[in-house]
Every structure is written in C-alpha cells, then in structure tokens.
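Novice: The structure under discussion is supplied below as structure tokens; questions concerning it will follow.
Residue numbers (our numbering): 19 to 210.
What follows is the structure, encoded as structure tokens:
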C-alpha cells in the first residue's frame, strides 16, 4: 500500500510539472502615451504617437507568471502638441537633433502581486531621455485578456532637469514650463 501511494504521489508530481509554463517573446500591439506638464501660462499635454516595444513574458494558463525583460522606445519626434511652435520647444528641450528616442529597459521586477484580475508590479529600469539615463522605480499594473495579450498601465512623475533638459521657455522667457512632467502610458503586448 505504501508503495502504491508513493507511485501515485510521483505520478501526480510529474503531471504538475508538465503543466505548460512558457516564456514567450511579446511584441508591440498598441499604446497610448501622454506627457503632462505645467507652465506659467497654462497646463499642457502632448501625446507620443510612435512607439516600439518587445518583452519576454512567462505565462501559464493565461495567467501572468513573470515579466523577464521589457524594452520600450518612443519616438520623441512623434510628440505633438496642438501648437507647432510648442513642438519646436519640446524637441529642443529633448535634444532630438542628437537623441530622437526615449527608451526604457526593465532592470528587474522587485515584486508582483495579483489583486482580482490585475497584477501590480513594482519595477525598476533604465529610462533614457535627451541622451541621459537614470534608473527609475515605477509601479505598473498589468492585465491579461482572453487572447493572452498583456496590457501594462502606469504613470511616472519626473523632473526634466534630472535628465539634463532645460524646461522650455517662450516669448523671451515670459512663459516658462515647469520642471516636473508626468508620463502616463498604456501599452499592450501580444505574442510575437
């Protein structure tokens, strides 16, 4: 009887070990990214319209197990306001003549907890803006849809000066942008 119980236990363990857990390459599906800021005249916001991304994500039974890597690139020249002269000031501050892209590379996921159908990830990564890189911490929320696509949502407040940028000015310095900006993003990844 003991031997039968041992064999059943071993077979059960083997079956559990064969439940598929895959680390898959995921690629960009869609995004929405908005940059919010202030100035002495009014608050402003600009969307970043072009983005690329790739990641390595482990899934099991359509459940997120881990985010092993993530790389995101936004085209700074795709940041468009409703005022063309403001765009020029933004590109000047971002130093787009030499640094066209804003990039984020995940360094690590410090923790991941599930609440309902949402995963809360505490992350750190290298964010590069205007040619300067800083390590940033960010809380990101993730959801998985019925097709296995993973959508990440988050926001991060930053100081332009911490990336070597000079906040834009207009009208001979009468209008000045505030140093703090907020990046607000939604990024959906699909299996590549």
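Glycine included, C-beta positions come from ideal geometry on N, C-alpha and C.
State yes or no: is the C-beta of residue 161 within less than 8 Å of the C-beta of residue 172?
Specialist: In this structure, residue 172 does not lie closer than 8 Å to residue 161 by Cβ.
Novice: Taking only the alpha-carbon atoms, compute the straight-line gap between residue 38 and residue 115 and give it to the nearest angstrom.
Specialist: Its pLDDT being 47, under 50, residue 38 is placed unreliably in this model, and the value from its coordinates should be taken loosely. Whole-angstrom Cα-Cα distance: 47 Å.
Novice: Measure the C-alpha to C-alpha separation of residue 147 and residue 90 and round it to an integer number of angstroms.
Specialist: A direct Cα-Cα distance of roughly 12 Å separates residue 147 from residue 90.
Novice: Give the single residue among 139, 86, 121 and 132 whose Cα lies nearest to the Cα of residue 69.
Specialist: 121
Novice: Among residues of its own chain, excluding the 5 on either side of residue 178, which ones have a beta-carbon nearer than 7 Å to its beta-carbon?
Specialist: 111, 185, 197 and 199
Novice: In chain order, what residues of the same chain have a beta carbon less than 6 Å from the beta carbon of residue 204, not counting five sequence neighbours either side?
Specialist: 50 and 171
Novice: If we ignore side chains and look at the alpha-carbon of each, how far apart do residue 182 and residue 151 end up?
Specialist: Spanning the two alpha carbons is a distance of roughly 10 Å.
Novice: Residues in the same chain with beta-carbon distance under 6 Å from residue 65, minus the five sequence neighbours each way, listed in chain order, please.
Specialist: Correct list, in chain order: 52.
Novice: Pull up the distance between the alpha-carbon of residue 155 and that of residue 142, whole angstroms please.
Specialist: 4 Å
Novice: Quick check: the Cα distance between residue 104 and residue 60, rounded to an integer number of angstroms?
Specialist: 13 Å
Novice: Who are the near neighbours of residue 174 in its chain, counting only those whose CB is closer than 6 Å to its CB and skipping five residues on each side?
Specialist: Correct list, in chain order: 156 and 201.
Novice: What span of residues does the alpha helix (DSSP H) with residue 108 cover, start to end?
Specialist: 102 to 112
Novice: Do residue 168 and residue 124 have their C-beta atoms closer together than 8 Å?
Specialist: Taking 8 Å as the Cβ cut-off, residue 168 and residue 124 do not qualify as a contacting pair.
Novice: Taking the CB atoms as reference points, tell me whether residue 43 and residue 210 lie closer together than 8 Å.
Specialist: yes
Novice: The beta strand (DSSP E) that contains residue 152, what's its start and end?
Specialist: 150 to 162
Novice: Keeping to the same chain, check which residues put their C-beta closer than 6 Å to that of residue 208; ignore five residues upstream and five downstream.
Specialist: 47 and 167
Novice: Does the Cβ of residue 192 have 16 or more other Cβ atoms within 10 Å, making it buried, or fewer, making it exposed?
Specialist: exposed
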